[in-house]
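Chains as they are written, first to last, in the numbering used here: chain A, 2 to 391; chain P, 2 to 391. We put the beta carbon where it would ideally sit given N, CA and C, even for glycine. In this text the structure is predicted, and so the values were computed from the model without any measurement.
Number of protein chains: 2
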Amino acid sequence: MREAHVFREKQGIDLRTGHRVERIDPAKRRVAGVRSDGGRFEVDYDKLLLATGASPIVPDLPGFDLPGVMVLKTLDDGRKLKRFLGGQHVERALIVGMGYIALEMCETLRTLGIDTAMVKPRPAFLPWAHRKLAERVQREVEENGVRLILGQEVLRIEAEGGALRAHCTEEVVDVDLVLVAIGVKPCSELAAEAGLELGPGEAIAVDRSMRTSAPDIYAAGDCADAYHVVTGEKTWIPLALRANRAGWAVADHISGQRVSLDGVAGTSVFKVFDMQVARTGLTAREASKAGFDPVEVAIEASSRAHSHPGASALLVQMVGDRASGRLLGAQIVGREGAAHRINGPAVALHQQMTVAAYSQCDLAYAPPFGPTWDPTLVSANQLLKKLEDG
Amino acid sequence: MREAHVFREKQGIDLRTGHRVERIDPAKRRVAGVRSDGGRFEVDYDKLLLATGASPIVPDLPGFDLPGVMVLKTLDDGRKLKRFLGGQHVERALIVGMGYIALEMCETLRTLGIDTAMVKPRPAFLPWAHRKLAERVQREVEENGVRLILGQEVLRIEAEGGALRAHCTEEVVDVDLVLVAIGVKPCSELAAEAGLELGPGEAIAVDRSMRTSAPDIYAAGDCADAYHVVTGEKTWIPLALRANRAGWAVADHISGQRVSLDGVAGTSVFKVFDMQVARTGLTAREASKAGFDPVEVAIEASSRAHSHPGASALLVQMVGDRASGRLLGAQIVGREGAAHRINGPAVALHQQMTVAAYSQCDLAYAPPFGPTWDPTLVSANQLLKKLEDG
Chain A
2 MREAHVFREK QGIDLRTGHR VERIDPAKRR VAGVRSDGGR FEVDYDKLLL ATGASPIVPD
62 LPGFDLPGVM VLKTLDDGRK LKRFLGGQHV ERALIVGMGY IALEMCETLR TLGIDTAMVK
122 PRPAFLPWAH RKLAERVQRE VEENGVRLIL GQEVLRIEAE GGALRAHCTE EVVDVDLVLV
182 AIGVKPCSEL AAEAGLELGP GEAIAVDRSM RTSAPDIYAA GDCADAYHVV TGEKTWIPLA
242 LRANRAGWAV ADHISGQRVS LDGVAGTSVF KVFDMQVART GLTAREASKA GFDPVEVAIE
302 ASSRAHSHPG ASALLVQMVG DRASGRLLGA QIVGREGAAH RINGPAVALH QQMTVAAYSQ
362 CDLAYAPPFG PTWDPTLVSA NQLLKKLEDG
Chain P
2 MREAHVFREK QGIDLRTGHR VERIDPAKRR VAGVRSDGGR FEVDYDKLLL ATGASPIVPD
62 LPGFDLPGVM VLKTLDDGRK LKRFLGGQHV ERALIVGMGY IALEMCETLR TLGIDTAMVK
122 PRPAFLPWAH RKLAERVQRE VEENGVRLIL GQEVLRIEAE GGALRAHCTE EVVDVDLVLV
182 AIGVKPCSEL AAEAGLELGP GEAIAVDRSM RTSAPDIYAA GDCADAYHVV TGEKTWIPLA
242 LRANRAGWAV ADHISGQRVS LDGVAGTSVF KVFDMQVART GLTAREASKA GFDPVEVAIE
302 ASSRAHSHPG ASALLVQMVG DRASGRLLGA QIVGREGAAH RINGPAVALH QQMTVAAYSQ
362 CDLAYAPPFG PTWDPTLVSA NQLLKKLEDG
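Now the structure itself:
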């Protein structure tokens, strides 16, 4: 293994692939498990990092273990899917789930010319998004030939003459491939069995220095929770930047640096066909749950100045707190200018800025890139009015 | 005049075009001037707004008044230029100046197939930009067939057989059109003559509510100065968003609302050919002048994730203050993802965030839009290291 060589020879890391840890003993500072050759092993530690990640959720229903029913989390999952698409004649696919991985995959499958349907039990498409924004994204997906089966569950999958038959609540869908993308769960079983405290979503609870409830055991990555910078409470939003940042923070902390991470704003973006979908912070519903008194606006602006050709619509949602005037979250959808534009509001959330303060920001303007008032300023101005009128 | 009708009938505004104000009498609260028909007029006011804008600087040198030597500020200037380009056979153009208007125009002229040269007295291209960023933009401009004549002044222009001959310090350039774009100056003469205080760049000095030094006289737009959110000092950075925002602020203030504007961060962006050039806050040189102890980095990142095709280089400069750790400014150059990415650092400047605090921000990531660590975070991390090492 080339990676093993690099780790061992170049970086002095004793990389042991093919080893499954089955038990952590925090009192003895020891982990124990089994090697791929069947032999057992034990390792003592001074400091232990749990970086077990998350794993895709697969419903415990008949047929979800059939060949041709796949998930997509690891590189190996990707390779397996690619091999399947290359080796079989895949004409029709069903994606179970409509989150960002599901949506990114539907674009890929359509690009390959595959008839694609998506199914989910809840009737709302992108339920976290403002209705206007969700509708815009839904239209984009449907206009690209994806059939959305909303409000139906997949009850079972059957092998049917070399293909797959998915029995949904109200219809039967015949396909060659089923991709299950209904979300992930943290791999926190080992930690739980060792008596470590768990947080939201059963992720491993960590403090701002990534320390778990057990001495000298850290957790980082999709398996660990985080503080939310808007609520100040624990949350579990497994995304790449946080995972990566938490890993560095553990290394720094173990090396003796005082590292303390602020937490996450839940900033994310994905692309589906020609649509960019970005969000940061809380939805109105999440804000209510967290004890805020949310006020929400959604505005439509242009992605370029009036005078500039090639503009498209940019939809911006913003939510603020009536009591404090704080900005709590933002969402942006559009063909251009959504992805990086979310970062202004994201920085604002880290600073617990009010909507009024955000509305004063001096943001960039040039005709090819937006109207004079950045669309996030337009939404902030509207939200401010609504907060003041209340 | 259709505009006059809309103003008078629909909005109840007594619009008087063709009236030139020649004198303000703050004591009598009266303005006086001359109409286009030669008659004189006087108007008394309760509140007066000076929104006189800025005008292009034209050197007082021989030949700058010749036909075919043009400026570009007003809509009329644009129409005149368009007529000239449509009516004459313009094959060669010289642009005097290399600021953002000059650069936007060189793209337009090249798109029309016109041989274009640009000339400026200082040897540095984009002197405010970090050398690496400036070089990248310069290459883009030159690769698009624009000849840059750096370090030369235009001494005079002569009419020469239906064309124009520009005598520069070391060479002679024969063209059909000369476009003068060396900057603007605030139209503050009226205000100065009325005894109003002027600020940086001779712009009309205003407080955070756009009030000048004279009672009941406001100024807004490119003619007025502003506070800089980084230095807290007065500055004059005439840009569209501030001008527009200041106009609204005056209207609100006159209507009895307590309006106070934070000021400007100097956030700006322009596009030249396929390059986006964005900045916010102070350059290292400006930071020194303002009394900071600046530390600067410039990093190169990718505009998309490693695994994503179609990536290009994104250059990010950042400057911080050694003493306070504050972020003082940022610059971003690239083919994609520069324009809106500057807004994160811009918001940070409004909040006087430290580089350390910015480096903790949860910014958006998806493979089509950037690497896991947003390039502004990469630069913040590098800058943080440099600040700490110092």
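Query, Result
"CB contact check: Arg246 (chain P) to chain A, cutoff 9 Å", "yes"
"Interface positions of the stretch 323-355 of chain P facing chain A (Cβ-Cβ less than 9 Å), listed along the chain", "Gly338, Ala339, Ala340, His341, Arg342, Ile343, Asn344, Gly345, Pro346, Ala347, Val348, Ala349, Leu350, His351, Gln352, Met354"
"Distance CB(Leu262 (chain A))-CB(Ser214 (chain A)) smaller than 9 Å", "no"
"Length of the line joining the Cα atoms of Ala244 (chain P) and Thr281 (chain P)", "17 Å"
"Beta-carbon spacing of Thr284 (chain A), Gln353 (chain A) below 9 Å", "no"
"Assigned exposure category for Ser37 (chain A) - 16 Cβ within 10 Å defines buried", "exposed"
"Closer than 9 Å to chain A by CB, Pro128 (chain P)", "no"
"Cβ-based contacts, 8 Å cut-off: residues of the stretch 265-291 of chain P near chain A", "Val265, Ala266, Gly267, Thr268, Ser269, Val270, Phe271, Lys272, Gln277, Ala279, Thr281"
"Uninterrupted alpha helix (DSSP H) stretches inside the stretch 114-198 of chain A (no shorter than 4 residues)", "132-144, 190-194"
"Proximal residues of chain P, C-beta to C-beta of Asp175 (chain A) below 8 Å", "Residues of chain P passing the Cβ test: none, with the nearest at roughly 32 Å."
"Any C-beta of chain A under 9 Å from that of Asp263 (chain P)", "yes"
"Residues of the stretch 362-375 of chain A whose Cβ lies closer than 9 Å to any Cβ of chain P, in chain order", "Cys362, Asp363, Leu364, Ala365, Tyr366, Ala367, Pro368, Pro369, Phe370, Gly371, Thr373, Trp374, Asp375"
"The beta strand (DSSP E) enclosing Asp390 (chain A), as first and last residue numbers", "From DSSP, Asp390 (chain A) is part of no beta strand (DSSP E) but of the alpha helix (DSSP H) over 376-390."
"Residue environment, Ala358 (chain A), which counts as buried when at least 16 other CB atoms sit within 10 Å", "buried"
"Simplified DSSP assignment, three categories, for Pro27 (chain P)", "coil"
"Distance between Ser380 (chain A) and Val320 (chain A) (C-alpha atoms, nearest Å)", "9 Å"
"Closest Cα partner of Val356 (chain A) within the set A:Val298, A:Val176, A:Pro369", "A:Val298"
"9 Å Cβ cutoff met for Gly371 (chain A) and Ser304 (chain A)", "yes"
"Identified DSSP bridge partners for Pro57 (chain P)", "P:Val185"
"For Met319 (chain P), the first and last residue of its enclosing beta strand (DSSP E)", "314-322"
"CA-to-CA distance, Arg17 (chain A) to Ala5 (chain A), given in whole angstroms", "8 Å"
"Where Lys290 (chain A) falls: helix, strand or coil (DSSP)", "helix"
"Residues in the stretch 230-244 of chain A having any Cβ partner in chain P nearer than 8 Å", "Val230, Leu240, Ala241, Leu242, Arg243"
"Coil, strand or helix - Ala367 (chain A) by DSSP", "coil"
"Proximity to Leu50 (chain A) [Cα-Cα], best of A:Gly64, A:Phe65, A:Arg31", "A:Arg31"
"The stretch 102-109 of chain A in contact with the stretch 189-207 of chain A per 3-pair CB rule at 8 Å", "no"
"In chain order, each alpha helix (DSSP H) run of at least 4 residues that lies wholly inside the stretch 42-96 of chain A", "76-88"
"Proximity below 9 Å, CB of Ile96 (chain A) to CB of Val72 (chain A)", "no"
"Minimum length 4: unbroken alpha helix (DSSP H) runs contained in the stretch 225-308 of chain A", "241-255, 285-290"
"Interface flag, Leu378 (chain A) vs chain P, CB-CB below 9 Å", "yes"
"Neighbour flag for Tyr219 (chain P) against chain A, beta carbons, 9 Å", "no"
"The beta strand (DSSP E) enclosing Gly345 (chain A), as first and last residue numbers", "No beta strand (DSSP E) holds Gly345 (chain A); the alpha helix (DSSP H) holding it covers 344-351."
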